[in-house]
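Step one of this worksheet: look at the structure below.
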Amino acid sequence: MVVLALLRWQWRTLRSLGAALLAGAVGGGGAPSALLLATLCLWPFSAGLVASASPPPTAPPLPSLASLLQRVRAGLPGLPSPPRAVRDTMDALLDLATSAASPTQAMSRAMQIMPPLNEDVTSADILRAYGYPAETHFLWTEDGYRLQLNRVAPPSGGGRRQPLLLAHGMQTASPCFLLTGKEKSLATMLYDAGYDVWLLNYRGTHYSTGHRNLSVNSEEFWKFSFHEHGVYDNPAVIDFVLERTGFPSLVYVSHSMGSTSFMIMASMRPEYNDKILAAHLMAPAGPLHHHRSPFVGVLQGLNNVTTALLDRLRLHHTMSLVYRLFRRLGSMLHSVPGVGALLYAFTYTIVGYNPQAEYYELPYFWNTIPSGGSWGEVLHYEQNAGRGVQGFRRYDHGRKRNVEMYGSAVPPLYELSNIRAPVHLYLAHNDVLCADKDMEYLRSQFRNLASVQYAPDPKFNHMDFFAARTADRQVYLPMLKQMRRDADAPSPPADGGATADNALPDEDEA
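Note that the UniProt record's numbering numbers the sequence shown so that position 36 is 36, with each residue one more than the last.
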């Protein structure tokens, strides 16, 4: 009954939050339908549990997924009815929502009946479309995961280039560094500045779902967080790049979870500090104690019950399906009159409000984002968002398991003072996830903090670091200037960048 009560509270909170946020954002009615996508993301927790229980006398009945879909299928009040393709898809979703035997089956069937979407677009594909040479590599981590690694290949005869590794954030993958076009994307700008650019895809993303022994459909495959990215994925990729290029160290550039993973690697495997020439960390999520995200606040209250449900119902594998369903729905609905505004309003509850955002209109956005991941990534962040928790801690497995793993009921802090590599921070005042006070904590822990820069635009938020059309002026150009001030930064090459003529074939290092 406690679980059911919390799930009912979850829905009422989201419903109230959505109504409050969206009443001013879009005006008029339709607010109850606004959090359809958020509800779908959380639906696996409540499907099959709430439906079989009678609500307490004081609680309003929970709307079913079918009723939510029915509202969208009928159209939002005051707005035109959805196009026929949307209505037909919603009709099919209504059928499966009431007949599926499990959330997993429902989401899988939903994908089959939705309009097709090319979800196999890779960084190499985008690079070639921009006229840049691209390679694809595969490598294995120490614990058996197979990662895809992309490279903007140096031109033949152009001399050796300093290797640089780009590490993405949660829910994204390496294509996020190519979304804003040929001239303004971080990956191409770094290449044109003279770097040998490599782009990693963490385990669990759409591009890295292989394992030596585990099936991607198994529960065990998905039991990881960004801790494993730092302890296993980053070291494997760094060793691969350095072996291939013959350099003793590389430049590390990251956003959000990629920055989190760097901090974990450099603190828990300190020998890798010697392999980092410099680390440029954008929006370095870690301790989130002072976050201002309403959505994170809601999830934070559900952390313990969510963990129990994932284990009890064996739902660890569902995150990939949730992200794919979100991607399909977003690509189908974002252009429907009014729905795009609702989707942006939901996004702002997570990353911060920016009225100039154009994320969902970017080419390749819906082909590549969300890109997969695990529930463990989400839960680990939520564990470090508690107001009563201090510092940046390892994963909380529960009291009994913590004692077995750590020798303490409370997970230990990451020893950030072990980070010896030069660190440059790139922050934003409107980043509601990486609050100023939490960034001050990180700054106090780094032994070799080289610089701190804030985006000049006061509206610049957490997502803008990779998806804003102004990110080149706000962050990337200042970053390049900082790199050039470093003694070992290369000068722009004489070849002037890439052409389609020097593209290289893919390489599979499996």
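All C-beta atoms in this analysis are idealised placements derived from N, C-alpha and C, irrespective of residue type, glycine included.
Fill in: Nearest to Y202 (by Cα), restricted to the options L166, E415 and Y195
What you label residue 202 is simply residue 202 of the sequence shown in a count that begins at 1. When only C-alpha atoms are compared, the closest one is L166.
Worksheet item: How long is the line joining the alpha carbons of F262 and G230, rounded to whole angstroms?
Response: What you label residue 262 is simply residue 262 of the sequence shown in a count that begins at 1. What you label residue 230 is simply residue 230 of the sequence shown in a count that begins at 1. Straight-line Cα distance between these residues: approximately 6 Å.
Worksheet entry | Coarse secondary structure for T136, derived from DSSP in three states | For the purposes of this step, residue 136 is taken as residue 136 along the sequence shown, with counting starting at 1. The three-state secondary structure of T136, taken from DSSP, is strand.
Discussion item. Check this for me: beta carbons of F446 and Y414, under 9 Å apart or not?
Written reply: For this step, residue 446 is matched to residue 446 along the sequence shown. For this step, residue 414 is matched to residue 414 along the sequence shown. Going by C-beta atoms, F446 is not nearer than 9 Å to Y414.
Fill in: Own chain residues within Cβ distance below 6 Å of W222, not counting five before or after
Locating residue 222 in the sequence shown gives position 222, where the first residue counts as 1. Spatial neighbours of W222 in its own chain (CB-CB distance under 6 Å, excluding positions within 5 residues in sequence) are listed in chain order as H316, H317 and S374.
Fill in: C-alpha distance - A471 paired with E243, whole-angstrom precision
Here residue 471 corresponds to residue number 471 of the sequence shown, with the count starting at 1. Here residue 243 corresponds to residue number 243 of the sequence shown, with the count starting at 1. Distance between A471 and E243, taken at the CA atoms: about 32 Å.
Worksheet item: Sorted by chain position, which residues of the same chain lie with C-beta nearer than 7 Å to N273's C-beta, five sequence neighbours on each side aside?
Response: One-based indexing of the sequence shown puts residue 273 at position 273. In the same chain as N273, and ignoring 5 residues on each side of it, the C-beta atoms closer than 7 Å to its own belong to A266, I419, R420 and A421, in chain order.
Discussion item. Do F138 and R146 have their beta-carbon atoms positioned less than 9 Å apart in this structure?
Written reply: On the sequence shown, position 146 is the one that residue 146 refers to. On the sequence shown, position 138 is the one that residue 138 refers to. In contact: R146 and F138 (Cβ atoms closer than 9 Å).
Worksheet item: For V251 versus P154, is the C-beta distance shorter than 9 Å?
Response: Mapped onto the sequence shown, residue 251 falls at position 251. Mapped onto the sequence shown, residue 154 falls at position 154. Against a cut-off of 9 Å, the Cβ pair of P154 and V251 comes out as no contact.
Item to complete: Identify every residue that forms a DSSP beta bridge with Q148.
Response: Position 148 of the sequence shown, counted from the first residue, corresponds to residue 148. Bridge pairing for Q148: F138 [DSSP].
Discussion item. Could you pull the DSSP bridge partners for A428 from this structure?
Written reply: Within the sequence shown, numbered from 1, the residue matching residue 428 stands at position 428. DSSP lists no partner for A428.
Practice prompt. May I ask you to list the residues that DSSP assigns as paired with L315?
Written response: As a first step, residue 315 must be located in the sequence shown, where it is residue number 315. BP columns for L315 are empty, so no partner.
Fill in: Y476 to L325 span [Cα, whole Å]
On the sequence shown, position 476 is the one that residue 476 refers to. On the sequence shown, position 325 is the one that residue 325 refers to. Going from the Cα of Y476 to the Cα of L325 covers about 32 Å.
Discussion item. Just to confirm before moving on: does the CB-CB distance between L127 and T188 stay below 9 Å?
Written reply: Here the question's residue 127 lines up with position 127 in the sequence shown. Here the question's residue 188 lines up with position 188 in the sequence shown. Taking 9 Å as the cut-off, the beta carbon of L127 is found closer than this to the beta carbon of T188.
Worksheet item: Considering only C-alpha positions, which residue in the set A173, Y454 and S451 is nearest to T209?
Response: Taking the first residue of the sequence shown as position 1, residue 209 is located at position 209. For the residues A173, Y454 and S451, the minimum Cα distance to T209 belongs to A173.
Worksheet item: What did DSSP end up calling V251 once you bin it into helix, strand or coil?
Response: Stepping through the sequence shown from its first residue, residue 251 is reached at position 251. Note: V251 maps to strand in three-state DSSP.
Practice prompt. Could you check if N217 is buried or exposed, using at least 16 other CB atoms within 10 Å of its CB as the buried criterion?
Written response: In the sequence shown, counting from the first residue as 1, residue 217 sits at position 217. With fewer than 16 other Cβ atoms within 10 Å, it is exposed.
Discussion item. Along the chain, where does the beta strand (DSSP E) containing W222 start, and where does it finish?
Written reply: Stepping through the sequence shown from its first residue, residue 222 is reached at position 222. First-last for W222: undefined, no H or E at that position.
Discussion item. For a test of the three-state rule: what should DSSP assign to I369, helix, strand or coil?
Written reply: Locating residue 369 in the sequence shown gives position 369, counting from the first residue. Of the three classes helix, strand and coil, the one that applies to I369 here is coil, per DSSP.
Discussion item. Assuming S123 is part of the alpha helix (DSSP H), what are its boundary residues?
Written reply: In the sequence shown, residue 123 corresponds to position 123, counting from 1. DSSP places S123 in the uninterrupted alpha helix (DSSP H) bounded by S123 to A129.
Worksheet item: Less than 9 Å separating the beta-carbons of S293 and I369?
Response: The residue labelled residue 293 in the question sits at position 293 within the sequence shown. The residue labelled residue 369 in the question sits at position 369 within the sequence shown. Against a cut-off of 9 Å, the Cβ pair of I369 and S293 comes out as no contact.
Discussion item. Taking the straight line between their C-alpha atoms, what separation do you get for A435 and H429?
Written reply: As a position in the sequence shown, residue 435 is number 435, starting the count at 1. As a position in the sequence shown, residue 429 is number 429, starting the count at 1. Each residue's Cα considered, the two are about 8 Å apart.
Worksheet item: Exposed or buried, E142, counting other C-beta atoms within 10 Å across all chains shown (16 or more means buried)?
Response: Along the sequence shown, read from residue 1 onward, the residue named residue 142 stands at position 142. Exposed, since its Cβ has fewer than 16 Cβ neighbours within 10 Å.
Worksheet item: So the beta strand (DSSP E) M282 belongs to, where does it begin and stop?
Response: Within the sequence shown, numbered from 1, the residue matching residue 282 stands at position 282. Note, M282: beta strand (DSSP E), I276 to M282.
Item to complete: Kindly list the residues whose CB is nearer than 6 Å to the CB of E377, restricted to its own chain and excluding five residues on each side of it in sequence; keep chain order.
Response: One-based indexing of the sequence shown puts residue 377 at position 377. Closer than 6 Å at Cβ, skipping near neighbours: M170, S225 and F226.
Discussion item. With DSSP as the reference, identify every bridge partner of W198, one or two as the case may be.
Written reply: Walking along the sequence shown from the start, residue 198 turns up at place 198. Paired residues: R151 and L165.
Worksheet entry | Segment limits, beta strand (DSSP E) that includes Q453 | Residue mapping note: residue 453 aligns to position 453 of the sequence shown, counting from 1. Start and end: L449 to Y454.
Worksheet entry | Residues that T205 bridges to, as DSSP identifies them | By one-based count along the sequence shown, residue 205 stands at place 205. Residue pairing for T205: DSSP places it in a beta bridge opposite G372.
Item to complete: Starting from the C-beta of T347, find all residues in its chain whose C-beta is less than 8 Å away, skip the five residues before and the five after it, and write them out in chain order.
Response: Within the sequence shown, the letter at position 347 stands for residue 347. Same-chain partners within the cutoff: A357, Y359 and M463.
Worksheet item: Given H124, which residues of its chain have a CB within under 8 Å of its CB, disregarding the five upstream and five downstream residues?
Response: Numbered from its first residue, the sequence shown carries residue 124 at position 124. Here residue 124 is Ala; the residue named in the question, His, does not match the sequence. Hits under 8 Å: A134, E135, T136, N150 and D506.
Discussion item. Bridge partners for L413 per DSSP, in chain order?
Written reply: In the sequence shown, counting from the first residue as 1, residue 413 sits at position 413. Note: L413 sits in a beta bridge opposite R393.
Item to complete: Have a look at the DSSP bridge pairing and note the partners of H211.
Response: Position 211 of the sequence shown, counting from 1, holds the residue named residue 211. H211 is bridged to Y145.
Worksheet item: Roughly how many whole angstroms lie between the Cα atoms of P248 and M439?
Response: The sequence position of residue 248 within the sequence shown is 248, counting from 1. The sequence position of residue 439 within the sequence shown is 439, counting from 1. About 30 Å.
Discussion item. Would V423 and L200 be called neighbours here (beta carbons separated by less than 9 Å)?
Written reply: The count along the sequence shown starts at 1 and reaches residue 423 at position 423. The count along the sequence shown starts at 1 and reaches residue 200 at position 200. It is not a contact, given that the beta carbons lie outside the stated cut-off.
Item to complete: Grab me the residues of Q482's own chain with a C-beta within less than 7 Å of its C-beta, minus the 5 sequence neighbours each way, in chain order.
Response: Reading the sequence shown from its first residue, position 482 is the one you call residue 482. Excluding residues within five positions, the ones whose Cβ falls inside 7 Å are H424 and S451.
Practice prompt. Measure the alpha-carbon distance for L22 versus R328 and round it to whole angstroms.
Written response: Looking up residue 22 in the sequence shown gives position 22. Looking up residue 328 in the sequence shown gives position 328. Confidence is the limiting factor: at L22 the pLDDT is only 35, short of 50, which leaves the residue's position unreliable, though a coordinate-based value still follows. The alpha-carbon atoms of L22 and R328 are separated by roughly 23 Å.
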